[in-house]
Amino acid sequence: MAVRAEAGQRSGNRTPVPTVSDPSRVRNVVLVGPSGSGKTTLVEALLAHTAAIPRPGAVVEGTTVCDHDPAAVRQQRSVALSVAPLLHEDTKINLIDTPGYGDFVGELRAGLRAADAALFVVPANEGREGAIDPAAVAQWEECAAVGMPRAVVVARCDHARADLEATIAACQEAFGSGVAPLYLPIRDGDRLTGLYGLLSQTPPGQAPPGAEDARSELVEGIIEQSEDESLMERYLGGEELDVTTLVDDLETAVSRGSFHPVIPVCASSGTGLDALLEVLTGGFPSPLERPLPPVSGVEGAAHPPLTADPDGPLAAEIVRTSADPYVGRVSLVRVFSGTLRPESTVHVSGHHVSIPTQRDGESNGAGSDGHDADERLAHVYAPLGATLREVEACVAGDICALTKLGTAETGDTVSAAEHPLLLSCWDLPRPLLPVAVAARTRGDEDALVKTLGKIVAADPTLHLERNQETHQTVLWCMGEAHADVVLSRLRAGGADVDTEPVRIPLRTTLAAPARVTGRHVKQSGGHGQYAVCHIEFEPLPRGAGIEFVDKIFGGSVPHQFIPSVEKGVRAQAARGLTEDHHPVVDFRATLVDGKAHSVDSSDAAFQTAGAIALREAAEACGVQVLEPYDEVTVRVPDEHLGAVLGDLSGRRGRVLGTDLAGPGRSLVRAEVPCTELCRYAVDLRAMTSGAATFTRRSARYDVAPG
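Residue numbering for the sequence shown is 429 to 1134, as defined by my numbering.
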């Protein structure tokens, strides 16, 4: 194992850059928690405590420390994943700070992909409200869904309204019985002065009230997770179990994700930071202990499972992409296998992703195309927030940054040029808030296209739809905060854009049967045009499409012109019958009779006659406007079920059923008009305090109200 401090990438003050060559000495820890929980403050406190930065709150740029534009720094941190490495007892800890807003769950999932364990941050005043923030519960479930080992940090223990005991109880109620305190606070009046270790029973003589009962609960919880079935009998028999055995079993339970120790921390005074670092290095798993993503050849060929071996085949993944005004595109990379070195050629492989329109199953071709390219690396960097510091290599299990990869997008695989690989994708949330944008002037159109390409490449949770029916550019976002960030990035990129109401593609159909005559006769000297067709039109059930039936007998319409009539009918249906040009669907056209001229009849004439016939039918029987319906599935806590059902009814929705979706949760299925769903992502979050989620898929078209 090698640990050393490298110089910064610029001359001047020397900034330590922790690097390792042994994956067992790496810990990748993602910090998770709602906005305002204290994650970033905790990261800065840990960095300052281990001398990675000179003081909390310092922004490191190159090798100099400055405090420029704090508002811009806070905004960037609040919406983007960032990495801060530190060194503790020869172990490199990569702290991955994630946004707390629900709109940026894509950044959270990217952080979970890059990490091997999660530190869940809850403010110490949370328990005074009686329950954990629903957004925090949703984030906990995100961690549980990928089997991520977790510990809980109760931060801001110096808060005026801090109630550590109530907060721990609220965490146990919200997150399950696997949550148990590992330390209790030692207080001098209302001031937190230290922590009492329940397992080690240190410092001696300073056990706070309730320590004995808390230790018994902790030991019993650890024993329940132990693989040694004799421990419980020995413990119940009065035997004092060895602390080393308990610690080993605790580490195993944490690594399995079934036990979650709680550590109180006060970042401002530094109380609890040493205990937290001990948990990070000794209790959390290394990259060697965590399963790696499945991998295949770029053409889909099978490949043996990867291991975190620095000498193995190179397989790394871009978990975040950003643009720096000075160095260009910056790719944050987690190396799963092999070693990344400067001055080497790598292969960048991207997945093909098809982006659906508002109607599932229909695609307008937008999305991310699969791509493969060889690129030359100049440097490998260790990131510290927005700062890049050059290093000699990045081994399996570690995290680094690469610059100027021209084809790289978030989610791409970086592998050896001579042995290209493709890592499986991680699950990304589907954006459900549409925002239509338009360039303010013709001069802004080029800037809009150019900037959109960069933003979409960097943000896989942003989907771009260019709707061919409404002629709108629609950005599908995760929520209002996400939309605001995307719009600000567009404007910062030089595209002056306006938003406009999203238009929903509608359809029309015939209201009743009708028999009409399509007559196209023109004589203007020379070769004329002559076509007459008698067609019976009738509406069909929803989703049946357009049918054309030939019932011509006796050759009243020559055989070669029958396809022309059908072509004319279908072309007119595609153009629509109203001034809004909504396509016509779900009808049958039966050609029953007609007339032709031996000289003046032609393919074009019968096409025109077919189109005229459909217009005549619309005038005779009228048309109905059809609007699209989506099947919406809402997962909602039971306390908000009534509000959700009432809201769906107010949106002209039809509830299809309600099922159980786990303890205290229900699953509501309903069909809702798409016109009523444009703002549903925002409204549902507000209605349920962020506790409910929903999905949508195409259901059908039905008659719109007058």
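Virtual Cβ for every residue (Gly too), placed ideally from N, Cα, C.
Suppose you measure from the CA of His899 to the CA of Gly825; what does that come to, to the nearest Å?
Rounded to the nearest angstrom, the two C-alpha atoms are 46 Å apart.
Might you give, ordered along the chain, the residues of its own chain that have their beta carbon closer than 6 Å to the beta carbon of Ala1002, omitting 5 neighbours on each side?
The residues are Pro1011.
For the alpha helix (DSSP H) containing Asp872, list its first residue and its last residue.
Counting along the chain, the alpha helix (DSSP H) containing Asp872 begins and ends at Arg870 to Ala886.
List the whole-angstrom C-beta distance separating Thr841 from Ala959, where the pair is believed to meet the contact cut-off of C-beta under 8 Å.
With 8 Å as the limit, Thr841 and Ala959 do not qualify as a contact, their Cβ atoms being about 59 Å apart.
Below 8 Å between beta carbons: does that hold for Met906 and Asp561?
It is not a contact, given that the beta carbons lie outside the stated cut-off.
Apart from the five residues on each side of it in sequence, which residues of its chain come closer than 7 Å, Cβ to Cβ, to Arg1128?
In chain order, Arg970, Gly971 and Tyr1057 place their CB closer than 7 Å to the CB of Arg1128, counting only its own chain and leaving out the 5 sequence neighbours on each side.
By the 10 Å Cβ neighbour count, where 16 or more other Cβ atoms means buried, how is Pro929 classified, buried or exposed?
Flag for Pro929 reads exposed.
Could you pull out every residue in the same chain whose Cβ sits closer than 7 Å to the Cβ of His799, ignoring the five residues on either side in sequence?
For His799, where only same-chain residues beyond five positions count, the Cβ hits under 7 Å are Gly778 and Thr835.
Tell me the rounded alpha-carbon separation between Glu820 and Pro770.
Cα atoms of Glu820 and Pro770: separation of roughly 7 Å, rounded to the nearest angstrom.
Could you round the C-beta distance between Arg1063 and Leu1095 to whole angstroms and report it? I think they count as a contact, below 8 Å.
Yes, Arg1063 and Leu1095 are in contact; Cβ-Cβ is about 6 Å, under 8 Å.
Is Phe989 helix, strand or coil when you go by DSSP?
Helix.
Smallest Cα separation from Pro811: which of Thr1121, Tyr1108, Ser449 and Ile524?
Nearest option by C-alpha distance: Ile524.
What distance in whole Å lies between the Cβ atoms of Ser765 and Leu734, which are believed to be in contact at a cut-off of 8 Å?
That pair is a contact at about 4 Å.
Hey, Pro446 and Leu515 are a contact pair by Cβ (cut 8 Å); roughly how many whole angstroms apart?
Under the criterion of beta carbons closer than 8 Å, Pro446 and Leu515 qualify as touching, at roughly 4 Å.
Please tell me whether Leu849 and Ala681 are closer than 8 Å, where the distance is taken between their beta carbons.
No; because the gap between Cβ atoms is not below 8 Å, this pair is not in contact.
Can you look up Tyr611 in the DSSP assignment and give me helix, strand or coil?
It is a strand residue.
How long is the line joining the alpha carbons of Phe965 and Thr526, rounded to whole angstroms?
About 59 Å.
How about the segment 976-986 and the segment 1009-1023: do they share at least three Cβ pairs that are nearer than 8 Å?
Remark: three or more beta-carbon pairs, one from each stretch, lie closer than 8 Å, so the segment 976-986 and the segment 1009-1023 are flagged as touching.
Using CA atoms only, rank isn't needed, just tell me which of Arg919, Arg931 and Thr831 is closest to Asp862.
One detail in the question is off: residue 862 reads as Pro in this sequence, not Asp. Ranking Arg919, Arg931 and Thr831 by Cα distance to Pro862 puts Arg931 first.
Go through its chain and collect everything with a Cβ distance to Val533's Cβ below 6 Å, but skip five positions before and after it.
Taken in chain order, the residues that qualify are Pro857.
Every unbroken alpha helix (DSSP H) within the segment 700-783, with a cutoff of 4 residues, ordered by chain
Runs of the alpha helix (DSSP H) inside the segment 700-783: 701-710.
Under DSSP, the beta strand (DSSP E) around Glu535 begins and ends at which residues?
Boundaries for Glu535: no beta strand (DSSP E) harbours it, while the alpha helix (DSSP H) harbouring it runs Val533 to Ala542, taken from the DSSP string.
Counted within 10 angstroms of its Cβ, other Cβ atoms place Leu664 as buried (16 or more) or exposed:
The residue in question, Leu664, is exposed, as its Cβ has fewer than 16 Cβ neighbours within 10 Å.
When DSSP labels each residue in this structure, what does Ser1126 get in the three-state scheme?
Ser1126 falls in the strand class under three-state DSSP.
Expressed to the nearest angstrom, what Euclidean distance is found between the alpha-carbon atoms of Gly633 and Ile614?
Computed Cα separation, rounded: 11 Å.
Nonlocal neighbours in the same chain, by C-beta distance under 7 Å from Ala1033, ignoring five residues either side
Here Ala1033 has His948, Gln957, Tyr958 and Ala959 as same chain residues with Cβ atoms under 7 Å from its own Cβ, once five neighbours each way along the sequence are excluded.
Extent of the continuous beta strand (DSSP E) run through Gly946
Note, Gly946: beta strand (DSSP E), Ala942 to Lys950.
CB Phe687 to CB Gly606, shorter than 8 Å?
Yes, the Cβ-Cβ distance between Phe687 and Gly606 is below 8 Å.
Three-pair Cβ contact test at 8 Å for the segment 683-701 versus the segment 666-674:
Here the segment 683-701 makes no contact with the segment 666-674; the two share fewer than three CB pairs at distances below 8 Å.
Residue closest to Gly756, alpha-carbon to alpha-carbon, out of Thr831, Leu674, Ser772 and Cys961
Ranking Thr831, Leu674, Ser772 and Cys961 by Cα distance to Gly756 puts Thr831 first.
Take Arg643 as the anchor and find which of Ser658, Leu627, Leu470 and Asp656 has the nearest alpha-carbon.
Measuring from the Cα of Arg643, the nearest candidate turns out to be Leu627.
Alpha-carbon to alpha-carbon, Val726 and Gly461:
Each residue's Cα considered, the two are about 36 Å apart.
Between Gly649, Gly466, Glu648 and Asp616, which lies nearest to Ala635 when the distance is taken from Cα to Cα?
Among Gly649, Gly466, Glu648 and Asp616, the Cα nearest to that of Ala635 belongs to Asp616.
Measuring CB to CB, does Ala1041 end up less than 8 Å from Cys1102?
For Ala1041 and Cys1102, no; Cβs fall outside 8 Å.
DSSP beta-bridge partners for His955?
Note: His955 sits in no beta bridge, so no partner.
Quick one: grab the DSSP three-state call for Gly1078.
Three-state DSSP puts Gly1078 in a helix.
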